[in-house]
Amino acid sequence: MSQSSKNQNPIILFIKIYVSILILLFIVSFISTGGQIINLLIKNDIHTIQGLAISTLILTILVFTIFVIIQTQKSKKRNDIGFKSINQKNKEELILELEDYNQTNHSELSDVLDLERWSLAEDSFYDLGFNYYSNSNDTKVLSYQSDAATHYKIDPIEAQNRAFSAPHYYLGDYIPKWTNAQDEFSQLILLFKNLTQLPYVTQKDLIEYFVNKLVSVIKEKEINANVIIPIPSSRAYVIGKGHIELCRQVARLLGIEDGTGILNRIKTIQKSSISPSKSRPSYNEHYDSIKVAPWTNLEGKRVVLFDDVYTTGNTARAAAHKIFEAGAERVWIITLGKTKVIF
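Next comes the structure, spelled out in structure tokens:
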């Protein structure tokens with residue numbers, strides 16, 4: 002089978018195998034009978050036709066089953082990286098690596114957080130409408146269609162200060178792929194980032210793995226949130242499939258609101274993870290590109306903001322800033338990893 006057959010519709014693949022085997026059996030029968038099979042088919046010999054069809058079906062089922070088993074095993078070896086080895090480590094290791102932002106040495110982060118002063122007046126009103134549809138990667142896309150206006154629920158400067166005081170927890174260090182030094186946990190996060198490229202079974206296992214970890218963190222840290230909101234992609238109007246599914250399952254397990262779609266990116270910015278330090282999007286750029294949906298009432302809400310990787314902190318802090326402006330009472334930032342080396 003070709004490489005492309007791995008991603009084909011199973012029904013189409015089954016039909017292709019069936020036709021191929023049928024042709025092969027016909028050729029073999031033609032040779033073995035000296036061409037008599039053609040006469041039998043022309044005469045509509047029911048026994049010959051049934052025998053050929055049944056033999057083809059049996060062989061097709063056998064070949065298809067073997068093919069699926071082989072591809073499943075290959076995908077499991079290729080994609081389920083690190084599950085066994087991580088579980089063999091000290092099971093408390095990931096939890097022990099959690100970091101509360103308030104316990105961090107802020108002086109070391111001053112160059113990383115890239116704080117800038119900006120004019121807040123420009124963001125007093127904005128055009129915004131909202132609906133869902135799906136693209137080819139099954140990633141939720143947000144489309145803004147109608148006009149709406151919003152007002153700050155609290156002073157923007159106070160919201161900014163509260164955003165930078167919001168605690169941040171993460172499961173472990175994330176070593177970027179380009180370093181060629183990724184450990185198994187970093188590879189798991191990379192798989193999460195490319196979730197739509199994985200087989201369905203692997204997607205399900207990976208989401209379940211991280212969901213269980215995040216639920217454990219939320220319970221251990223006694224985070225009494227009542228809504229979880231995914232931080233949108235760097236691309237405009239896109240929220241990653243992994244973010245959507247993870248927040249949906251965490252919300253279901255904890256009995257809280259799934260806030261997917263509350264926070265939206267209205268213009269594309271450069272990804273922090275692939276940008277040199279000097280060209281990474283600033284806090285200002287993140288802040289200006291993120292909006293809270295106008296139909297949302299966050300007043301008094303306790304919010305968990307989720308993202309896969311915390312690199313400079315600009316994305317998460319700008320998102321928290323917006324959430325506080327919308328009236329949220331508390332915000333916690335939880336990520337799968339935090340970039341270990343920042344250049």
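Numbering-wise, the sequence shown is residues 2 to 344 according to my numbering.
A virtual CB, placed ideally from N, CA and C, is assigned to each residue, including glycine.
1) For GLN183 and LEU196, which I take to be in contact (beta-carbon distance under 8 Å), what is that distance rounded to the nearest angstrom?
2) Express the C-alpha separation of ALA167 and ALA226 in angstroms, rounding to a whole number.
3) According to DSSP, which residues form a beta bridge with ILE334?
4) Rounded to whole angstroms, what is the Cα-Cα separation between ILE67 and LEU189?
5) Go ahead and label ILE18 buried or exposed: buried means 16 or more other beta carbons lie within 10 angstroms of its beta carbon, across all protein chains shown.
6) Report the three-state DSSP secondary structure of ILE219 (helix, strand or coil).
7) Quick one: does the C-beta of ALA317 sit closer than 8 Å to a heavy atom of the ligand MN?
8) Does the beta-carbon distance from GLU246 to ILE208 come in below 9 Å?
9) Could you give the residue range of the beta strand (DSSP E) that holds ARG266?
10) How far does the beta strand (DSSP E) with LYS292 in it extend, from its first residue to its last?
11) If you measure between the beta carbons of LYS292 and LYS272, is that distance less than 9 Å?
12) Taking only three categories from DSSP, how would you classify GLU185?
13) Hey, how far is the Cα of VAL228 from the Cα of ASN298?
14) State the DSSP-derived secondary structure class of LYS339, mapped to helix, strand or coil.
15) For LEU172 versus THR336, is the C-beta distance shorter than 9 Å?
16) Mind checking which residues open and close the beta strand (DSSP E) that includes PRO157?
17) So ILE18 is in the alpha helix (DSSP H); what residue range does that whole segment cover?
18) Between which two residues does the alpha helix (DSSP H) carrying ILE324 extend?
19) Exposed or buried, which one is PRO177 when buried takes at least 16 other CB atoms within 10 Å?
20) Excluding the 5 residues flanking SER235 on each side, which residues of the same chain have their C-beta closer than 6 Å to its C-beta?
21) Mind checking who VAL251 pairs with in its DSSP beta bridge?
22) Measure the C-alpha to C-alpha separation of PRO200 and PHE307 and round it to an integer number of angstroms.
23) Relative to the alpha-carbon of ASP174, which residue among THR180, ALA164, PHE165 and PHE186 has its alpha-carbon at the smallest distance?
24) Please go through the same chain and pick out, in chain order, the residues whose beta-carbon is closer than 7 Å to the beta-carbon of ALA321, but skip the five residues on each side of it.
25) Have a look at LYS302, THR57, GLU326 and ASP206 and flag the residue whose alpha-carbon is nearest the alpha-carbon of PRO354.
26) Can you check DSSP and say which residues form a bridge with ILE229?
27) Mapping DSSP to helix, strand and coil, what is ALA329?
28) Quick check on DSSP: helix, strand or coil for TYR210?
29) For TYR311, which beta-bridge partners are listed by DSSP?
30) Tell me TYR175's beta-bridge partners as DSSP assigns them.
31) Compute the Euclidean distance between the alpha carbons of LEU53 and ILE22, then round it to the nearest angstrom.
32) Given a threshold of 16 other Cβ atoms within 10 Å of its Cβ, counted over all protein chains shown, does LEU63 qualify as buried or as exposed?
33) Report, in whole angstroms, the separation of the C-beta atoms of THR57 and LEU26, which I expect to be a contact under 8 Å.
34) Which residues in the same chain as LYS222 place their Cβ atom closer than 7 Å to its Cβ, once the five residues preceding and following it in sequence are excluded?
According to the data block:
1) Contact flag wrong, Cβ pair sits at about 17 Å.
2) 13 Å
3) HIS169 and LEU306
4) 28 Å
5) buried
6) helix
7) Judged by which ligands are present, the structure shown has none, so any question about the ligand MN falls away.
8) It is a contact, given that the beta carbons lie within the stated cut-off.
9) 264-266
10) 291-293
11) no
12) helix
13) 11 Å
14) strand
15) yes
16) That residue, PRO157, is in no beta strand (DSSP E); its alpha helix (DSSP H) goes 157-164.
17) 11-33
18) 315-326
19) buried
20) ILE270 and LYS272
21) According to DSSP, VAL251 bridges with nothing at all.
22) 24 Å
23) PHE186
24) ALA164, ALA167, LEU306, VAL332 and ILE334
25) In the structure displayed, the chain extends from 2 to 344; residue 354 sits before or after that span and is not available.
26) Per the DSSP secondary-structure output, ILE229 pairs in a beta bridge with ASP259 and VAL305.
27) coil
28) In the structure shown, TYR210 sits in a helix (DSSP, three-state: H, G or I).
29) LYS339
30) THR340
31) 10 Å
32) exposed
33) 6 Å
34) Counting only Cβ-Cβ distances below 7 Å, and skipping sequence neighbours, we find TYR170.
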